[in-house]
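Numbering (the numbering used here), first residue to last: 25 to 542.
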């Protein structure tokens, strides 16, 4: 009996260890930068979500059956391809615009099916976790172009809303397409929403206090004078307010409801033009539910390829925007910006999988380990040494947007919530010419308090991660000053703005934001 009890205890301990190891594996940071060629031809994706502990994407694949077929792919969290399935109709182009995990073991994808000619139907396709087709339904106005770019399930009424464009000619009389269905895909109503003399397309949809918020772009007939718009509607499709977003003929707008109840509007703003080339910056605006602007700011240097693809809120409470940037067609890289809720720029970084080619970000999600997975595609340019075909591109970085365990510039690689855990006080903050770093947890007059045993390095970096000040102090230097380090003057800093101050030992770092006013 005693022997059996011992065996049971051992087995229980083994089980606990295995469980802990599995939890560690789930939470461990992963990194990968992969491209996926599923057909030897073009493979593209514009979106990403998760289902059954895997990433899932929906996009297009070029096949002999039709130019575009539907590509559904899933990937393990380490970036390995798990499953790929292709769905095609003879002489029909099929393209997915958005994929989302909606309910248990169900993935929904919306998009467009185009038979011979240009008239089209939009669809909602349901798949199980193995990416097998479960249900397919088509929607739209007869003998017209119908295309749903995005959809959402409204948790307040448990219905699905799809939005995109409808056109009764060949893209010369576009209106917003809005379709409401139940979760089984049965159509409740469909509507055209538009203004006379304008072509309008909706590209994003979200809920706002139980109603709808959509964003997109509009142009006057026969021109490329693009402006953005954001619109609030009730669940019957009636417009509550409609806001024009001035992009100076840049690019259209996306809209996202934030956790604080306000709305984020993101777009590309044309800063200037040189000849026929337009140079854009990312424009972000925050508005109230009643369409009152809280702030409007521009980010990044003007470039020919700029704007914003998608915005999310991260666990730090900040806004993360994925886009692309570049001066020339052979220098297009994926880009990420992190900004605070007040519009302050916190971090920006570019990524690529193939230099000398076009690397596009179209979607981003925050992952279970706190990192981020970006989804998009790469277009190799053989004239600039690009190889292969157009492929799906997935990039997994950690919670500080790093591609490896090495620090990459975000607060010297630290999570902001860890700031000051060691009892470090900075003052004054804001500062002008001097700042003090006080180790408030240290008491050099008492033997029972912690003692420094190794040198301390103080670094100040700008929001791009560039080190502007770096000084190392021995333990005796710190002891002589009663645990206070004084940095003065601060002439090396670039001027008024936000910086990061890091206190580093051999294996630990603490980082805090500081404001410099000159």
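The beta-carbon is built from N, C-alpha and C at its ideal position, and this holds for glycine as well.
Rounded separation between residue i and residue j - CA only
i, j, result
"residue 423", "residue 361", "13 Å"
"residue 314", "residue 307", "20 Å"
"residue 411", "residue 527", "44 Å"
"residue 430", "residue 55", "11 Å"
"residue 215", "residue 340", "38 Å"
"residue 501", "residue 495", "12 Å"
"residue 101", "residue 159", "27 Å"
"residue 375", "residue 103", "17 Å"
"residue 96", "residue 85", "9 Å"
Proximal residues to residue i (C-beta, below 8 Å), its chain only, five neighbours per side dropped
i, result
"residue 224", "189, 198, 199, 200, 217, 218, 240, 241, 242 and 253"
"residue 405", "353, 354, 380, 381 and 382"
"residue 450", "459, 460, 461, 462, 525, 536 and 538"
"residue 455", "514, 538, 539, 540 and 541"
"residue 90", "112, 113, 114, 115, 116, 117 and 118"
Contacting residues, own chain, Cβ-Cβ under 6 Å from residue i (five flanking each side not counted)
i, result
"residue 186", "134, 172, 175 and 203"
"residue 57", "377 and 419"
"residue 161", "148 and 209"
"residue 124", "73 and 132"
"residue 372", "361"
"residue 268", "251 and 253"
"residue 228", "174, 239, 278 and 279"
"residue 213", "204"
"residue 432", "426"
"residue 481", "496 and 528"
Residue burial classification, residue i (beta-carbon count within 10 angstroms, cutoff 16)
i, result
"residue 80", "buried"
"residue 73", "buried"
"residue 121", "buried"
"residue 518", "exposed"
"residue 45", "Because the pLDDT of residue 45 is 43, which lies under 50, any placement of that residue in the model is unreliable, and the number read from its coordinates should be weighed accordingly. Exposed, since its Cβ has fewer than 16 Cβ neighbours within 10 Å."
"residue 263", "exposed"
"residue 332", "buried"
"residue 358", "buried"
"residue 316", "exposed"
"residue 146", "buried"
Own chain, CB closer than 7 Å to residue i, minus 5 neighbours either side, in chain order
i, result
"residue 408", "354, 380 and 381"
"residue 337", "282, 283 and 343"
"residue 486", "492, 518 and 523"
"residue 64", "413"
Beta-bridge partners of residue i, as assigned by DSSP
i, result
"residue 151", "131 and 157"
"residue 322", "307"
"residue 295", "According to DSSP, which records beta bridges pairwise, residue 295 is partnered with nothing at all."
"residue 526", "483 and 535"
"residue 73", "80"
"residue 544", "Coverage of the chain is limited to positions 25 through 542, which leaves residue 544 absent and any answer about it impossible."
"residue 565", "A query on residue 565 cannot be resolved here, the shown segment of the chain reaching from 25 to 542 and no further."
"residue 399", "387 and 418"
Beta-carbon proximity check, residue i vs residue j, cutoff 8 Å
i, j, result
"residue 255", "residue 266", "yes"
"residue 398", "residue 416", "no"
"residue 367", "residue 321", "yes"
"residue 180", "residue 231", "yes"
"residue 350", "residue 329", "yes"
"residue 558", "residue 93", "The shown model of the chain, from 25 to 542, leaves out residue 558, and the question about it has no answer."
"residue 510", "residue 479", "no"
Contact with chain B by residue i, beta-carbon distance below 8 Å
i, result
"residue 293", "The chain labelled as chain B is not found in the depicted structure, where only one protein chain is given."
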